[in-house]
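Here's the structure we're looking at; comments come further down.
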Amino acid sequence: MKRTPIIAGNWKMHNTLAESTALVEALKKTTNKNKAEIIVAPSFTSLAKVAELAKGSILQVSAQDIHWEDKGAFTSAVSPVQAKDAGATHTILGHSERRSVFGDTDEILNKKVAAALRHNLTIIFCVGETLQEREENKTLDVINGQIENGLKGFTAEQLKGLIIAYEPVWAIGTGKTATPEQAQEVHAAIRATLAKKYGDNFAQATRILYGGSVKDTNVDEIMAKPDVDGALVGGQSLIAEKFDRIINFN
Ligand code: PGA
């Protein structure tokens, strides 16, 4: 099955309004020769501005996270209603930095998944193992657990359009990329898990992105793998020329 590729940029805690504006204006000019879906995930201070600038362009806009409640006494958090109101159509959930630095557990993520679905935000659901888990041969168990518990209680129909991002924790921001073979192996395993849980049609339609030190110099070989449907890019998504090259992978 042919799946439309997705190239997503996670800006993390970077970029002032002026920097976000400059980056969006540069990215709007990309040739996008692969006709990929292009998504940028700015921090909340830039989200409304970026969404406004991206309107009518090929860029789609994602939140980096949302809270599970629609409103309430949750100092500093941003609700799905607010993210949507600011112009987000997507939200990343379960990024490893959210899991490890901010304590997002599978149970919390399951509530955030419900919140995103309630408000029609397309979910980019991140999974991935630590170096220790990989060395102990637990990679697939860890990832299957994250999928099982994070998405618990929802049907294929409800999860339609879900995007998965496989991001080995040891490859994020370290310059250490998984080999294309390592990525392919895990992506194929994730697709098999999705097929078992939600059926073959769902598994074949679901885009699975690779993330972790994706660069202009390694994107081509990673994207060449049959079960890699796109990339979730951190560091290099902040540099217009680099991200443009990643969007236009060969
Ligand atoms: P990186 O980040 O490309 O800087 O490794 C990827 C991510 O965390 O999504």
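Taking the working numbering, I'd label the letters of the sequence shown as residues 9 to 258. Glycine included, each C-beta is placed from N, C-alpha and C at the ideal position.
Original post:
Around the Cβ of V32, are there at least 16 other Cβ atoms within 10 angstroms (buried) or fewer (exposed)?
Top reply: As a first step, residue 32 must be located in the sequence shown, where it is residue number 24. Counting the other CB atoms within 10 Å of its CB gives V32 a total of 16 or more, which places it among the buried residues.
Subject >> N-terminal and C-terminal residue of the alpha helix (DSSP H) that A179 is part of >> reply: If you number the sequence shown from 1, residue 179 lands on position 171. No alpha helix (DSSP H) holds A179; DSSP gives it neither H nor E.
Original post:
So the beta strand (DSSP E) E60 belongs to, where does it begin and stop?
Top reply: Here residue 60 refers to the residue found at position 52 of the sequence shown. It is not in any beta strand (DSSP E) - E60 instead sits in the alpha helix (DSSP H) that spans 52–62.
Original post:
To the nearest whole angstrom, what separates the beta carbons of P257 and M231, a pair I think is in contact under 8 angstroms?
Top reply: Counting from 1 along the sequence shown, the entry for residue 257 is found at position 249. Counting from 1 along the sequence shown, the entry for residue 231 is found at position 223. The question names Pro, but residue 257 is Phe in the sequence shown. Right, the Cβ-Cβ distance comes to about 5 angstroms (below 8 angstroms), so this counts as a contact.
**OP:** Return the bridge partner residues of F133 from the DSSP annotation.
**Re:** As a first step, residue 133 is located in the sequence shown; it is residue number 125 there, counting from the start. Answer is L101, I172, bridged to F133.
Original post:
Over what stretch of residues does the beta strand (DSSP E) that includes A49 continue unbroken?
Top reply: On the sequence shown, position 41 is the one that residue 49 refers to. Residues 45–49.
**OP:** Just mark R199 as buried or exposed, buried being the case when its beta carbon has 16 or more other beta carbons within 10 Å.
**Re:** Residue 199 sits at position 191 when you count from the first residue of the sequence shown. Classification of R199: buried, given that the 10 Å Cβ count is 16 or more.
Original post:
Would the beta-carbon of K20 be found less than 8 angstroms away from any heavy atom of ligand 1?
Top reply: The count along the sequence shown starts at 1 and reaches residue 20 at position 12. Correct: K20 has its Cβ closer than 8 angstroms to ligand 1.
Subject >> Residues near ligand 1, criterion Cβ-heavy atom distance below 6 angstroms >> reply: Counting every residue whose Cβ lies closer than 6 angstroms to a heavy atom of ligand 1, we get N18, E175, I180, G181, G219, G220, S221, V222, L240, V241, G242, G243.
**OP:** Give a yes or no on whether the C-beta atoms belonging to L117 and G102 are separated by under 9 angstroms.
**Re:** Taking the sequence shown and counting its residues from 1, one reaches residue 117 at position 109. Taking the sequence shown and counting its residues from 1, one reaches residue 102 at position 94. Result yes, Cβ atoms of L117 and G102 sit closer than 9 angstroms.
Original post:
Got a sec? Which residues, its chain only, sit under 6 angstroms from I247 by beta carbon, not counting five neighbours each side?
Top reply: The count along the sequence shown starts at 1 and reaches residue 247 at position 239. Excluding positions up to five away in sequence, the list is empty.
**OP:** Let me know the secondary structure DSSP gives A248 once reduced to three states.
**Re:** By 1-based counting over the sequence shown, the position of residue 248 is 240. DSSP places A248 in helix when its eight states are reduced to three.
**OP:** Could you confirm whether any beta carbon from chain C is found closer than 9 angstroms to the beta carbon of Q190?
**Re:** No chain C appears in this structure, which consists of one protein chain only.
Subject >> For S70, three-class secondary structure by DSSP >> reply: Along the sequence shown, one-based indexing puts residue 70 at 62. Residue state, collapsed to three classes: strand.
**OP:** May I have a chain-ordered list of the beta strand (DSSP E) segments no shorter than 3 residues that lie completely inside the segment 186–257?
**Re:** Taken in chain order, the complete beta strand (DSSP E) segments of 3 residues or longer contained in the segment 186–257 are 215–219, 238–241.
Original post:
Within the chosen definition, does the segment 184–192 reach the segment 217–227 through at least 3 CB pairs nearer than 8 angstroms?
Top reply: The way I'd put it, the segment 184–192 does touch the segment 217–227; three or more beta-carbon pairs between them come closer than 8 angstroms.
Original post:
By the 10 Å Cβ neighbour count, where 16 or more other Cβ atoms means buried, how is L139 classified, buried or exposed?
Top reply: Indexing the sequence shown from 1 puts residue 139 at position 131. By the neighbour-count rule (16 or more Cβ atoms within 10 Å), L139 is not buried but exposed.
Original post:
Who are N42's beta bridge partners in DSSP?
Top reply: Residue 42 sits at position 34 when you count from the first residue of the sequence shown. Answer is none; N42 lacks a bridge partner.
Original post:
For D228, which residues of its own chain have a beta-carbon under 7 angstroms away from its beta-carbon, when the five flanking residues on both sides are left out?
Top reply: Position 220 of the sequence shown, counted from the start, is the residue given in the question as residue 228. Around D228: F257, N258.
Original post:
So A26 is in the alpha helix (DSSP H); what residue range does that whole segment cover?
Top reply: Within the sequence shown, numbered from 1, the residue matching residue 26 stands at position 18. Note, A26: alpha helix (DSSP H), 25–35.
Original post:
Okay, do the segment 142–149 and the segment 91–98 touch, 3+ Cβ pairs below 8 angstroms being the bar?
Top reply: Output reads no: the segment 91–98 does not touch the segment 142–149.
Original post:
Between which two residues does the beta strand (DSSP E) carrying N18 extend?
Top reply: Sequence index remark: in the sequence shown, residue 18 carries index 10 (1-based). Residues 14–18.
Original post:
Under a three-way DSSP split, which group does D149 fall into?
Top reply: Residue 149 sits at position 141 when you count from the first residue of the sequence shown. Reduced to three states, the DSSP call for D149 is helix.
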